[in-house]
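Here is the structure we will look at.
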Amino acid sequence: MAGGGIRQVKLERECELRIEVGNDAPLKLRLLNGTAEIFGTELPPEIWLTFPPRLKFAVFTWYGATIEMDGTTETDYTADETPNISYVNVHAVLDARRNRAKTLSSDDPNSPQAQGPRVIVVGPSDSGKSTLSKMLLSWAAKQGWKPTFVDLDIGQGAITIPGCIAATPIEMPIDPVEGIPLDMPLVYFYGHTTPMSNVDLYRVLVKELSQMVERQFTGNAESQAAGLVINTMGWIEGAGYELLLHAIDTFNANVVLVLGQEKLCSMLRDVLKNKPNVDVVKLQKSGGVVSRNVKFRQKSRSHRIREYFYGLSNDLSPHSNIANFGDLSIFRIGGGPQAPRSALPIGAEPAADPTRVVPVNINRDLLHMVLAISYAKEPDEIISSNVAGFVFVTDINIERKTITYLAPAAGELPGKFLIVGSLTWLET
Ligand SMILES: Nc1ncnc2c1ncn2[C@@H]1O[C@H](COP(=O)(O)OP(=O)(O)OP(=O)(O)O)[C@@H](O)[C@H]1O
Ligand SMILES: [Mg+2]
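Numbering (full-length UniProt numbering), first residue to last: 1 to 428.
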């Protein structure tokens with residue numbers, strides 16, 4: 001299963017080569033002949049591509065291909081059973097809906113029929129949600145659509161860093177190595193990597209993001225017809241389930257794709273049965289999906305943050321800046337000092353408002369925190385504002401009252417308010 005050196009693999013039609021790149025070195029791979037794709041994005045003929053350590057992916061061929069690899073893998077094997085035919089059938093249905101929406105929008109752009117499909121992908125952890133989202137987006141982009149990708153998974157940050165929810169139009173099939181280009185995504189900073197940290201805030205931000213996406217759709221018949229692909233978290237029990245319902249409702253999803261769980265599918269069918277325009281479709285989980293443990297996820301998060309500042313192959317050069325405490329206004333959302341019992345009506349419990357914006361005193365607690373730069377003009381706009389980017393606190397000097405931080409670029413920050421959550425990073 002594991003391998004090294006240069007070798008060729010011949011893939012029969014509708015088969016895939018599943019690969020986990022080794023831990024220490026990248027893997028080079030190229031398509032020698034035939035056609036093949038990685039999660040919906042076609043491989044260019046003959047060009048060597050370099051895949052970073054630990055990446056897990058599959059090279060799938062519809063009609064047959066020969067692949068050449070150079071380097072060490074943790075595992076690589078060929079599988080002839082994949083759910084890709086059912087996935088591409090879903091794509092065909094979505095494509096037909098996009099075409100219908102496009103045709104109808106030239107008659108009446110405001111009719112609900114002029115809306116393209118709004119797909120939400122749900123399922124337990126490690127069921128292949130992110131992968132299916134990528135495939136649907138890449139197949140649509142290949143056909144010239146520009147679907148909007150909405151990522152509600154704060155644990156990973158497929159569009160930007162973890163701790164955020166974000167949306168961005170996908171104009172090209174997604175590069176299997178580089179991922180989604182960081183052009184100008186619409187990003188809201190939640191600040192934690194689990195929704196449990198502040199469920200109310202998570203809901204509020206999902207709402208804000210949906211309103212912004214809706215606003216961008218207005219007057220843009222093309223994106224409206226292309227529709228949405230929404231990726232979600234693997235948390236599907238209890239409050240996680242409630243958050244899924246909230247997301248379906250908030251984004252007006254009309255296609256719910258349920259990966260690999262019968263129970264979730266029937267629960268969703270049941271609650272959505274009074275919404276005849278919402279289709280709940282059960283799809284098989286791919287046997288190739290790899291489970292990732294907590295440690296692996298932490299590592300991936302850390303890599304993602306590193307990538308934000310330094311680039312995938314150290315091709316970016318972030319700037320280290322020093323500011324005086326007084327120059328920065330940092331806020332935290334939620335928690336905060338509670339109202340004293342004496343100030344409350346008799347019998348009431350003091351509760352911290354989860355969406356209260358609280359100024360933060362700069363001290364050593366901020367060391368190694370990742371902060372977001374808000375576009376807000378006033379502190380009370382912080383919750384409803386998206387963020388421009390992030391900085392990373394590398395030093396706090398209490399005597400001199402200075403804070404040193406890493407920013408993606410030199411010069412003044414694009415906003416004057418910073419938001420801190422619990423997102424940290426240890427530069428390695
Ligand atoms: N067919 C496949 N062959 C090999 N690897 C695969 C295949 N499908 C998915 N993977 C890999 O398996 C891992 C898990 O898949 P994915 O991220 O899509 O799951 P998920 O449901 O989104 O997980 P989470 O709940 O953590 O968000 C990823 O590293 C992905 O690249
Ligand atoms: Mg995922």
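Cβ coordinates follow ideal geometry from the N, Cα and C atoms, glycine included.
Cut-off 7 angstroms between Cβ atoms - residues of its own chain near residue i, not counting five sequence neighbours on either side
i: Arg13; result: Thr61, Trp62, Tyr63, Gly64
i: Lys416; result: Ser329
i: Leu268; result: Val256, Val258, Val280
i: Cys15; result: Thr61, Thr78, Ala79, Asp80
i: Gly116; result: Arg97, Arg98, Ala101, Gln224, Ala225, Ala226, Gly227
i: Ala388; result: Ile373, Tyr375, Pro414, Gly415
i: Ser384; result: Glu208
i: Phe392; result: Phe309, Val370, Tyr405, Leu406, Trp425
i: Asp24; result: Pro53
i: Trp145; result: Arg98, Ala226
Per-residue burial, residue i [other beta carbons within 10 Å of its own, 16 or more giving buried]
i: Ser210; result: buried
i: Pro276; result: exposed
i: Lys134; result: buried
i: Gly157; result: buried
i: Lys295; result: exposed
i: Arg400; result: exposed
i: Gly163; result: buried
i: Glu427; result: exposed
i: Pro359; result: exposed
i: Gly288; result: buried
i: Leu423; result: buried
i: Asn198; result: buried
i: Ala247; result: buried
i: Pro337; result: With a pLDDT of 49 at Pro337, under the threshold of 50, the modelled position of this residue cannot be trusted; read the value that follows with caution. So Pro337 counts as exposed.
i: Ile159; result: buried
i: Thr218; result: exposed
i: Gly4; result: exposed
i: residue 478; result: Here the chain comprises residues numbered 1 to 428, so residue 478 is not present and cannot be evaluated.
Span of the alpha helix (DSSP H), counted from its first residue to its last, around residue i
i: Arg306; result: 294-310
i: Glu81; result: Note, Glu81: premise wrong, no alpha helix (DSSP H); not H, not E.
i: Glu222; result: 221-226
i: Lys263; result: 262-271
i: Glu208; result: 199-217
i: Gly3; result: Where Gly3 is concerned, there is no enclosing alpha helix (DSSP H), given that its DSSP letter is neither H nor E.
i: Ala239; result: 239-250
i: Met69; result: Not the alpha helix (DSSP H): Met69 falls in the beta strand (DSSP E), residues 65-70.
i: Thr131; result: 129-142
Candidates the options: closest to residue i by CA position
i: Thr193; options: Leu283, Leu182, Trp235; result: Trp235
i: Gly260; options: Ser127, Ser197, Pro112; result: Ser127
i: Ala253; options: Ala167, Val59, Phe57, Val121; result: Val121
i: Ile419; options: Leu426, Ile396, Asn397, Asp380; result: Asp380
i: Ala407; options: Tyr308, Gly421, Thr355, Arg400; result: Tyr308
i: Asn110; options: Asn220, Pro26, Arg118, Ile159; result: Asn220
i: Gly155; options: Asn33, Arg304, Arg364; result: Arg304
i: Phe51; options: Gly179, Phe392, Ser302, Val290; result: Gly179
i: Met172; options: Asn386, Gln143, Arg297, Ile85; result: Gln143
i: Pro124; options: Asn324, Gly311, Lys285; result: Lys285
i: Asn274; options: Glu222, Asp249, Arg292, Glu262; result: Asp249
i: Val213; options: Leu186, Ile47, Ala323, Leu17; result: Leu186
i: Ser138; options: Leu312, Val59, Gly40; result: Gly40
i: Ile165; options: Leu11, Phe390, Leu205; result: Leu205
i: Asn361; options: Ile47, Phe325, Ile346, Phe390; result: Phe325
Cutoff 8 angstroms; reference residue i; Cβ partners in own chain excluding five residues on either side
i: Ile6; result: Glu68, Met69, Asp70
i: Ala2; result: Gly22, Thr72, Thr73, Glu74, Thr75, Asp76
i: Asn363; result: Ile396, Ile398
i: Pro195; result: Ile154, Tyr202, Met233, Trp235, Ala239, Gly240, Leu243
i: Asp200; result: Gly334, Pro354, Thr355
i: Phe265; result: The residue asked about is misnamed: residue 265 is Cys in this sequence, not Phe. Contacts found: Val258, Val280, Lys282.
i: Leu104; result: Ser111, Gln113, Ala114
i: Ala410; result: His319, Asn321
i: Ala141; result: Pro147, Ile170, Glu171, Met172, Pro173, Ile174
i: Arg297; result: Gly155, Gln156
i: Ile382; result: Phe331, Ile333, Val357, Ser374, Ala376, Phe417, Ile419
i: Tyr87; result: Leu132, Met135, Leu136, Leu283
Continuous beta strand (DSSP E) stretch holding residue i: start and end
i: Ser320; result: 319-324
i: Thr148; result: 148-151
i: Gln259; result: The sequence shown places Leu at residue 259, rather than the Gln named in the question. Residues 255-259.
i: Leu55; result: Run containing Leu55: none; DSSP gives neither H nor E here.
i: Ser374; result: 369-374
i: Thr168; result: 164-169
i: Leu31; result: 27-34
i: residue 443; result: The question about residue 443 has no answer, for the chain in this structure spans 1 to 428.
i: residue 465; result: Residue 465 is absent from the model: the chain starts at 1 and stops at 428.
Residues near residue i in its chain [Cβ-Cβ closer than 6 angstroms; skip 5 each side]
i: Leu29; result: Leu49, Met69
i: Val150; result: Ala167, Leu228, Ile230
task: Anything with a beta carbon under 5 angstroms from a heavy atom of ligand 2 counts; list them all in chain order.
output: Lys129, Ser130
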